[in-house]
Amino acid sequence: MRHTISVLVENRFGVLSRVAGLFSGRGYNIESLSVGETTDPQISLMTIVTTGDDQIIEQITKQLNKLIDVIKVVDLTEVDHVEREMVLIKVAPRQEDKAEVLRLTEIFRGRVVDSSPRTYTVEITGDEKKIAAFVELMRSFGIKEFVRSGRIAIAREGIKKGK
854 MRHTISVLVE
864 NRFGVLSRVA
874 GLFSGRGYNI
884 ESLSVGETTD
894 PQISLMTIVT
904 TGDDQIIEQI
914 TKQLNKLIDV
924 IKVVDLTEVD
934 HVEREMVLIK
944 VAPRQEDKAE
954 VLRLTEIFRG
964 RVVDSSPRTY
974 TVEITGDEKK
984 IAAFVELMRS
994 FGIKEFVRSG
1004 RIAIAREGIK
1014 KGK
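The sequence shown begins at 854 in this note's numbering and counts up one residue at a time.
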């Protein structure tokens, strides 16, 4: 099962390397990793997406909690949360397809962030399914480049999963 783990860490040199090393040293894969400062520049938040059964995830969280620079570890899969990704897609539609690319971008609540005579660069933010659906639609228009952020997630306030 896929899990989204939130890890609050000290914003120090080598912390990312130690976290990644924990995963690789035990043969666990990181599917997605996003790191950024919090409102306190001394602290960063890592959002890690990985796959494993309950025993593996429990082992990962225990090992993360043992790292000296780790402040807090939360398996967001266990709580109601909101998660998003962002994708930038550079498409090269034929002249007759440009209006359709713009229409689909609007339907998906995206925006064109750059354009040239031959290409549009479109930004889409949403959950994994929304991103996948938009990418699939853009394939027929000619994707030239594609870059995707890692997943970011945040727990909903005061709501337990399933309630």
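Ideal Cβ placement from N, Cα and C applies to all residues, glycine included.
- In the DSSP assignment, S897 forms a beta bridge with V862 and E890.
- Residues Q916 of the same chain have their beta carbon placed closer than 6 Å to that of L875, with the five preceding and five following residues left out of the count.
- Under the three-state reduction of DSSP, I921 is assigned to coil, being neither helix nor strand.
- Residue state for S968 is assigned as strand, using DSSP reduced to three classes.
- Beyond the five residues adjoining it in sequence on each side, A1006 comes within less than 7 Å, by CB distance, of T857, S859, T900, L929, H934, V935 and E936 in the same chain, given in chain order.
- Judged by DSSP in its simplified three-state form, D980 adopts coil rather than helix or strand.
- Within its own chain, the residues whose Cβ lies closer than 6 Å to the Cβ of D967, once the five positions on either side in sequence are excluded, are T974, listed in chain order.
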